[in-house]
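For the sequence shown, full-length UniProt numbering begins at 1 and goes up steadily by one. Cβ atoms here follow ideal geometry from the backbone N, Cα and C, with glycine treated the same way. Computed from a prediction, not measured in an experiment: that's the story for all the values here. Notes follow the structure.
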Amino acid sequence: MNVHASPRPAMAERRMTLATDLDGTFLGGTDADRKRLYDWIEENRDSVGLVFVTGRDPEFIMQMCRDRHLPWPEYVVGDVGTTIAEVEPDGSIAPIEPLEEDISHRWSGKGGVVRAALEGHPGLKLQPTEFRYRVSYDLFPDDFDPSAKEKVDELGLDWLISDNKYFDVLPKGVSKGPSLKRLIAHLGIPEKRVLAAGDTMNDFSMLASGLQAVAVGNSEQPLVSALEGKDSVYHASAFGAAGILEAIDAFDLHDIPKGD
1 MNVHASPRPA
11 MAERRMTLAT
21 DLDGTFLGGT
31 DADRKRLYDW
41 IEENRDSVGL
51 VFVTGRDPEF
61 IMQMCRDRHL
71 PWPEYVVGDV
81 GTTIAEVEPD
91 GSIAPIEPLE
101 EDISHRWSGK
111 GGVVRAALEG
121 HPGLKLQPTE
131 FRYRVSYDLF
141 PDDFDPSAKE
151 KVDELGLDWL
161 ISDNKYFDVL
171 PKGVSKGPSL
181 KRLIAHLGIP
191 EKRVLAAGDT
201 MNDFSMLASG
211 LQAVAVGNSE
221 QPLVSALEGK
231 DSVYHASAFG
241 AAGILEAIDA
251 FDLHDIPKGD
């Protein structure tokens, strides 16, 4: 199977690149909204690049694309920005080592130290998957002790709470935004041709990065509030996939299919 079924121009030469979060954004909206966006992407592969920017890990992304018949991305910024990778023709995801060297250096194998520091911490449950450059927890707000943030700060790392149910520990200065911009520069894509799309606080760093961006209509309120006054951010009224198309039209990045 070749997930990139036909030869395409380099992404730097295309009219636009969509860099999108998954849950609530690319996967959000009605079935009809998603079909309209996904069909449009497949019909315009020569002029539209696709990057998934997500908290999900590569294995999950690959399986989801297969199971849900999603448009395959060409690149992935995964694991909340700690993975920067290319999608191979067979659907495997290959990390781009030169772009990950700095991430690896900033992490310096601190996973064990993080897990020890937060073991048994109230309101946090360690996720079973071991990630390369992050440690992730399910968060239970009613039981959560905020001193976890201080513990992470003392380790010289960053913490991120998203959707009020996930607590991620990340290398200092690493998140979706910086990693996406690193990938864009590596590929030579003009920033004015990129649209970043998201809906929760773990998307804040990419939506506030100065790229043209959309907070889709179902975005959580903390994200909407944090983005107030940022001229490069469009606040869509439509949810999920429909909000992405709304923003593409608002920024005049590409012709889009009109609704029925």
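(request) Could you tell me how far apart the beta carbons of V76 and F52 are, in whole angstroms, since I believe they sit closer than 8 Å? (result) Here residue 76 is taken as the residue at index 76 of the sequence shown, counted from 1. Here residue 52 is taken as the residue at index 52 of the sequence shown, counted from 1. By a beta-carbon distance limit of 8 Å, V76 contacts F52. Their separation comes to about 5 Å.
(request) Measuring alpha carbon to alpha carbon, tell me which of K125, L126, Y133, M11 ends up nearest K110. (result) Here residue 110 corresponds to residue number 110 of the sequence shown, with the count starting at 1. That would be Y133, whose Cα lies nearest to the Cα of K110.
(message) Pairs of beta-carbons, one from the segment 208 to 220 and one from the segment 243 to 250, closer than 8 Å: are there three or more?
(response) Taking a cut-off of 8 Å for Cβ pairs, the segment 208 to 220 and the segment 243 to 250 touch, as three or more such pairs fall below it.
(message) Taking 7 Å as the limit between beta carbons, can you name the residues of its chain near residue 307, skipping five residues before and five after?
(response) Residue 307 falls outside the range modelled here, since the chain spans only 1 to 260, and no answer is possible.
(message) How far does the alpha helix (DSSP H) with F204 in it extend, from its first residue to its last?
(response) In the sequence shown, the residue the question calls residue 204 occupies position 204. Its alpha helix (DSSP H) spans residues 204 to 207.
(message) Going by beta-carbon coordinates alone, are S209 and G177 separated by less than 7 Å?
(response) Residue 209 sits at position 209 when you count from the first residue of the sequence shown. Residue 177 sits at position 177 when you count from the first residue of the sequence shown. Annotated as proximal: S209 and G177, with beta-carbon spacing under 7 Å.
(request) For N164, collect the residues of the same chain with a Cβ closer than 6 Å to its Cβ; drop the 5 residues on either side in sequence, then sort them by chain order. (result) Locating residue 164 in the sequence shown gives position 164, where the first residue counts as 1. These residues qualify, in order along the chain: P141.
(request) Using only alpha-carbon positions, find the residue among S108, W40, T82 that is nearest to E100. (result) Within the sequence shown, residue 100 is the residue found at index 100, counting from 1. That would be T82, whose Cα lies nearest to the Cα of E100.
(message) Going by the DSSP bridge assignment, what does E154 pair with across the sheet?
(response) Walking along the sequence shown from the start, residue 154 turns up at place 154. According to DSSP, which records beta bridges pairwise, E154 is partnered with nothing at all.
(request) Return the first residue and the last residue of the beta strand (DSSP E) that E86 is part of. (result) Here residue 86 is taken as the residue at index 86 of the sequence shown, counted from 1. From DSSP, the beta strand (DSSP E) with E86 extends over 83 to 87.
(request) For D46, write down the residues that DSSP places opposite it in a beta bridge. (result) By one-based count along the sequence shown, residue 46 stands at place 46. D46 pairs with nothing; no bridge assigned.
(request) Write down the C-beta distance between L195 and A19 rounded to the nearest angstrom, noting that I regard them as a contact closer than 8 Å. (result) Residue numbering aside, residue 195 sits at position 195 when the sequence shown is read from its first letter. Residue numbering aside, residue 19 sits at position 19 when the sequence shown is read from its first letter. The pair is a contact, with the Cβ atoms about 7 Å apart (cut-off 8 Å).
(message) Under DSSP, the beta strand (DSSP E) around I256 begins and ends at which residues?
(response) In the sequence shown, counting from the first residue as 1, residue 256 sits at position 256. Note, I256: premise wrong, no beta strand (DSSP E); not H, not E.
(message) Rounding to the nearest angstrom, what Cα-Cα distance links R193 and T17 in this structure?
(response) In the sequence shown, residue 193 corresponds to position 193, counting from 1. In the sequence shown, residue 17 corresponds to position 17, counting from 1. Approximately 6 Å, taken between the alpha carbons.
(request) Could you check which residue in D158, T129, G156, K125 has the C-alpha nearest to that of F144? (result) Walking along the sequence shown from the start, residue 144 turns up at place 144. Nearest C-alpha to F144: K125.
(message) For residue 261 and F131, what's the separation of their Cα atoms in angstroms?
(response) The structure shown does not extend to residue 261, since the chain is modelled only from 1 through 260, so no value can be given for it.
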